[in-house]
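Note that the protein sequences, when read in sequence, are chains A and B. So the first sequence is numbered by full-length UniProt numbering: it starts at 1 and just counts up by one. So the second sequence is numbered by full-length UniProt numbering: it starts at 1 and just counts up by one. Structure first, commentary second.
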Amino acid sequence: MAAPTVDRPTSAAPAAKQTLTIAKAINTGLRAAMEADPKVLVMGEDVGKLGGVFRITDGLQKDFGEQRVLDTPLAESGIIGTAVGLAIRGYRPVCEIQFEGFIFPGFDQIVSQVAKLHFRTQGRIKLPMVIRVPFGGGIGAVEHHSESPESYFAHTAGLKVVSCSNPADAYWMIQQAIRCDDPVLFFEPKRRYYEKGEVDTTAAPGPLFASRVLRTGADATLVAYGPMVRTALDAAAAAEEEGRSLEVVDLRTLSPLDLAPVYESVRRTGRLVVVTEAPSESSISSEIAAKVQQECFYSLEAPVLRVTGFDTPYPPSKLEEEFLPDLDRVLHAVDRSLAW
Amino acid sequence: MSSPEKWTHPGPDSPPATAAAPTAAQVIAGLRATDEGGADLVQLLTPEGERVRHPDFDIDITADELRGLYRDMVLVRRIDREANALQRKGELGLWVPLLGQEAAQIGAGRALKPMDMAFPSYREHGVAWCRGVQPGQILSMFRGTDNGSWDPVEHRFHPYTIVIGNQVLNAAGYAMGQKFDGKVGDADSEATMVFFGDGATSQGDVHEGFVWAAVYDAPLVFFCQNNQWAISEPTERQSRLPLYQRARGYGFPGIRVDGNDVLASLAVSRWALEECRQGNGPILIEAFTYRMDAHTTSDDPSRYRLSDELELWKLKDPIERVKVHLVKQQWADQAFFDSVEADAEELAIGMREYCVNLPTPPASRIFSQVYAEANPVLDAQRDEFLAYQAGFAGGEH
Chain A
1 MAAPTVDRPT SAAPAAKQTL TIAKAINTGL RAAMEADPKV LVMGEDVGKL
51 GGVFRITDGL QKDFGEQRVL DTPLAESGII GTAVGLAIRG YRPVCEIQFE
101 GFIFPGFDQI VSQVAKLHFR TQGRIKLPMV IRVPFGGGIG AVEHHSESPE
151 SYFAHTAGLK VVSCSNPADA YWMIQQAIRC DDPVLFFEPK RRYYEKGEVD
201 TTAAPGPLFA SRVLRTGADA TLVAYGPMVR TALDAAAAAE EEGRSLEVVD
251 LRTLSPLDLA PVYESVRRTG RLVVVTEAPS ESSISSEIAA KVQQECFYSL
301 EAPVLRVTGF DTPYPPSKLE EEFLPDLDRV LHAVDRSLAW
Chain B
1 MSSPEKWTHP GPDSPPATAA APTAAQVIAG LRATDEGGAD LVQLLTPEGE
51 RVRHPDFDID ITADELRGLY RDMVLVRRID REANALQRKG ELGLWVPLLG
101 QEAAQIGAGR ALKPMDMAFP SYREHGVAWC RGVQPGQILS MFRGTDNGSW
151 DPVEHRFHPY TIVIGNQVLN AAGYAMGQKF DGKVGDADSE ATMVFFGDGA
201 TSQGDVHEGF VWAAVYDAPL VFFCQNNQWA ISEPTERQSR LPLYQRARGY
251 GFPGIRVDGN DVLASLAVSR WALEECRQGN GPILIEAFTY RMDAHTTSDD
301 PSRYRLSDEL ELWKLKDPIE RVKVHLVKQQ WADQAFFDSV EADAEELAIG
351 MREYCVNLPT PPASRIFSQV YAEANPVLDA QRDEFLAYQA GFAGGEH
């Protein structure tokens, strides 16, 4: 194996504020993490020369070498399972799963080893590894390329699960996930990869495991994460034209859930609509609904409503616009809530 | 070195590997054939205690060293029998016997150097012994007071892994790290050895481990203890090819060693680990042995295997052949054997006392070290439960 060639581009003083896509923001964040810590590795299928099928790891192998950006054999259990060993050895691997529908061959390693080794050894083994998962639909893909499996992982103790929704978060959250001493599942909203936003690389980031109110409002609360945050914000903007004021919370962290801002919001608005692409049954949206009714029972003016993907396999892509929550379905749910 | 070309596809008269369960005669004949038909089987000490030479894997062994290996095997067998008895008395929820596999494990375990890393499955009590894990420490998992109590960093011995084959990939990654750290090919070289059974070779993770180790030239020795049975499934339910010959398909050497011969196991393991340290790994070792007891204390082997088979393997006992050889060589006298027995008894007593006195952990252990960093949701759940529990007289119990 060749020694790592550290032939980094001398973009000595990058602008503090840049307009980046989510894809480029994650790429820039990965680069920053690799520069900051020589133990950070990127590993997965096609992440090297190709730069990943979504080009998220573009240019990293060229600059950090084949020993820090590993084009691996094609087997997800192998990617995750060897990352466990590398993490035990003191590395901080960042695994890329090419598409969320292919994470299941690695599921055994994730839930049996990644999630449990810290507990099993009472902290003697730490697994500071990140598993990056492009997820969700809306890109016209074939089967297994559009799913939302995040609830499986949020259900498993020992894992932390986050999802970014905008370039600034993407840039910071990937770095924070890599620095975290716990294994983190990092869900990336692939249909939003090429949406742009401002990233301030000098600003102090907020905490990784915290949700955030993105828009304040008085009539009802919308909660979303990942790709549905944009949908929720668009719905709130449309509702405003009809004279309705919606608050939007970006969940950001799916495990642990940070629902304090949601409770606070619901106590003011009295109404909650949870928006996810994932099917609703036994999911993160169910968990939010359960906890909000428990914590905000006397504040609720209407039952917690959910706008989600259906409890079906992800449909053929010609039907995905019907499957995925859109602005109209969200507003319809808001109407039902307000009419209660 | 093995010559896989010698193996040919079974002819039309051979029973297909996926046929219905073989007859008793087929099982016995098959075992004898694969055992003795192993021109490739590396053996240095016959079941009769005769020292034999091998052109590739010979070893110089002193009387002291051989007495040490004998002592290891007797003690480990005693640990195993004591734990088995503790389970029968209800002191352990489960035990996984190693009876019959002492030579494979002591040979491999004593070949490891302190800085090497070992990844066990869940039957590697002999390797644990070689890595300095106290016998009592193995019991906490089986007694249910812990999920594994030794420090894997200190002992360089990973926790037992129960999901079949998972540890093979973890070991491959660890060995890749050794390679990335530049720990091959010079004075401070390291290697990794991973233990798994014949049944595990059917798992995808083991196959993927072979692939990863090969393409990254990881310093990894795959140590497969073929004890002939994966619970009730015989080896022919896992493979129609002798297991060591699979290595060729991945591009590294595969060697079958007499797993009941501690000298052969030691010699081949030492050689393989050294190859890894030199940067020439990986290597697959198939230790051809036999599980003399049940798969676990929950198993009943009388339902699926024949007493004839057991009797056959008794003749190959790994400890007896060393004892015979020590006597023949006049390397040990009765006083030595008596002292080893006394040591074994003392060890068993200490282990028993340790076991029955293992404290039940406090309820807070349920919530302890699930995460390395804070998790407010779990912390709140813990606090609520502990407060609830404290509401009873006497508090936590």
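The C-beta atom is built at its ideal place from N, Cα and C for all residues, glycine as well. Everything numeric in this text was worked out from a predicted model, so none of it was measured.
Under a three-way DSSP split, which group does residue i fall into?
| i | result |
| --- | --- |
| L315 (chain B) | coil |
| residue 365 (chain A) | No answer is possible for residue 365 (chain A): it lies beyond the span of chain A, which begins at 1 and ends at 340. |
| A12 (chain A) | Only weak support exists for where A12 (chain A) lies, its pLDDT of 48 falling under 50; the value from the coordinates is given anyway. Residue state, collapsed to three classes: coil. |
| R92 (chain A) | strand |
| T235 (chain B) | helix |
| N280 (chain B) | coil |
| G197 (chain A) | strand |
| D326 (chain A) | coil |
| G209 (chain B) | helix |
| T82 (chain A) | helix |
| T46 (chain B) | coil |
| Q167 (chain B) | helix |
| I285 (chain B) | strand |
| L257 (chain A) | strand |
| R306 (chain A) | strand |
| T269 (chain A) | helix |
| W340 (chain A) | coil |
| Q245 (chain B) | helix |
Give the interface partners of residue i over in chain B, defined as CB-CB distance under 7 Å, in chain order.
| i | result |
| --- | --- |
| C180 (chain A) | E373 |
| G78 (chain A) | L169, E208, V211, W212 |
| Y193 (chain A) | By Cβ distance, chain B contributes nothing, its closest Cβ being about 28 Å from Y193 (chain A), past 7 Å. |
| A157 (chain A) | V370 |
| D46 (chain A) | Simply none; closest approach about 15 Å. |
| Q109 (chain A) | N166, L169 |
| G138 (chain A) | The premise fails here: G138 (chain A) is roughly 30 Å from chain B at the closest Cβ pair, so nothing lies under 7 Å. |
| V94 (chain A) | Near V94 (chain A) there are no residues of chain B at all, since even the closest Cβ is about 14 Å away, more than 7 Å. |
Just to check my reading of the structure: residue i and residue j have Cβ atoms closer than 8 Å, yes? What is that Cβ distance to the nearest angstrom?
| i | j | result |
| --- | --- | --- |
| V194 (chain B) | A171 (chain B) | 4 Å |
| V184 (chain A) | V213 (chain A) | With 8 Å as the limit, V184 (chain A) and V213 (chain A) do not qualify as a contact, their Cβ atoms being about 23 Å apart. |
| L60 (chain A) | A87 (chain A) | L60 (chain A) to A87 (chain A), Cβ: 19 Å. No contact. |
| G270 (chain A) | M176 (chain B) | 55 Å between Cβ atoms; not a contact. |
| P159 (chain B) | T121 (chain A) | 6 Å |
| L305 (chain A) | R336 (chain A) | 6 Å |
| G93 (chain B) | G144 (chain B) | 5 Å |
| R179 (chain A) | S211 (chain A) | 20 Å between Cβ atoms; not a contact. |
| T21 (chain A) | Y194 (chain A) | 5 Å |
Would you say residue i faces chain A, with C-beta separation under 8 Å as the test?
| i | result |
| --- | --- |
| G391 (chain B) | no |
| D116 (chain B) | no |
| N166 (chain B) | yes |
Checking contacts by CB at 8 Å: is residue i closer than that to chain B?
| i | result |
| --- | --- |
| A33 (chain A) | no |
| Q18 (chain A) | no |
| R120 (chain A) | yes |
| V40 (chain A) | no |
| residue 341 (chain A) | Residue numbering for chain A in the displayed model covers 1 to 340; residue 341 (chain A) lies beyond these limits and cannot be assessed. |
| Y91 (chain A) | yes |
| Q113 (chain A) | yes |
| V223 (chain A) | no |
| V161 (chain A) | no |
| V292 (chain A) | no |
| V84 (chain A) | yes |
If you measure from the CB of residue i, is any heavy atom of the ligand COA nearer than 7 Å?
| i | result |
| --- | --- |
| E320 (chain A) | As for the ligand COA, it is missing from this structure, which has no ligand bound. |
Applying a beta-carbon distance threshold of less than 7 Å, which residues of chain A neighbour residue i?
| i | result |
| --- | --- |
| G132 (chain B) | Within chain A, no residue comes near G132 (chain B); the closest Cβ sits about 15 Å away, beyond 7 Å. |
| D205 (chain B) | S77, G81 |
| F180 (chain B) | Q67 |
Anything in chain B within Cβ reach of residue i, meaning under 9 Å, just list it in chain order.
| i | result |
| --- | --- |
| I88 (chain A) | M117, P152, V153, H158, N170, G173, Y174, G177 |
What does residue i touch in chain A if you count any residue whose Cβ is under 9 Å from its own?
| i | result |
| --- | --- |
| V215 (chain B) | T72, P73 |
For a contact defined as C-beta to C-beta under 8 Å, what are the partners of residue i on chain B?
| i | result |
| --- | --- |
| R124 (chain A) | D151, P152, V153 |
| query | Given a limit of 8 Å on CB to CB distance, which residues of the stretch 351-383 of chain B reach chain A? | reply | From the stretch 351-383 of chain B, only S368, Q369, V370, Y371, A372, E373, N375, P376, V377, L378 have a Cβ closer than 8 Å to chain A.
| request: Note down, in chain order, all residues in the stretch 247-278 of chain B with a beta-carbon under 7 Å from any beta-carbon belonging to chain A. | output: none
| field | Contacting positions in the stretch 250-276 of chain A - beta carbon closer than 7 Å to chain B | value | Listed by position along the chain: P256, L257.
| Contact set between the stretch 144-169 of chain B and chain A, restricted to residues whose Cβ is under 7 Å from the partner | N147, G148, D151, P152, V153, P159, V163, N166, L169
| said: Against chain B, which members of the stretch 185-209 of chain A pass a CB distance test of less than 7 Å? | reply: Taking 7 Å as the cut-off between beta carbons, none of the residues of the stretch 185-209 of chain A comes near chain B.
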